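> UniProt numbering puts the first residue of the sequence shown at 1, with every later residue one more than the last. All C-beta atoms in this analysis are idealised placements derived from N, C-alpha and C, irrespective of residue type, glycine included. All of these numbers come straight from a predicted model, not from anything done at the bench.
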Amino acid sequence: MFYLFSKYQTPYEMFIQQFWHYKSKVDVFSIGLIFAEISVAMNAEERNQIFNCYRTGKAPEILQNEPVVAEFVLWLTMVDPDERPTCRQVLDSPFLSQTSYKEC
């Protein structure tokens with residue numbers, strides 16, 4: 001005897017299931033993209049190119065004049081989430097500790 005059944009999921013259940021494997025490493029990747037974006041002036045097309053480069057683990061050419069930033073961002077956007085730093089490692093990184101903040 002065969003039983004046929006389906007499981008209905010509410011939109012809420014589908015939403016939660018979509019993010020079931022969410023970890024803070026996703027946020028680290030996003031922070032990396034934000035650093036890249038605020039480091040140099042760029043248009044929308046260049047932003048898309050940067051995102052595509054980092055998704056494949058490559059530093060974009062637009063950051064070639066900012067090698068320290070490029071290296072930091074590449075570290076934050078490692079393709080394998082397990083290789084990305086934790087939020088604590090980012091905060092303790094030499095890049096952030098050497099940055100001087102000027103008041104406007």
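1) For arginine 84, does the count of other Cβ atoms within 10 angstroms reach 16, so buried, or fall short, so exposed?
2) Is the Cβ-Cβ distance between isoleucine 50 and valine 90 less than 8 Å?
3) Among the candidates Thr86, Thr56, Trp75 and Ser24, whose CA atom is the shortest distance from the CA of phenylalanine 35?
4) Just curious, the alpha helix (DSSP H) that glutamate 46 is in, first and last residue?
5) At which residues does the alpha helix (DSSP H) containing arginine 88 begin and terminate?
6) Which residues mark the beginning and the end of the alpha helix (DSSP H) in which proline 67 is found?
7) Let's test the definition: count the other Cβ atoms within 10 Å of the Cβ of alanine 59 and tell me whether it reaches 16, buried, or not, exposed.
Reading it off the structure:
1) buried
2) no
3) Trp75
4) 44-55
5) 87-91
6) 67-76
7) buried
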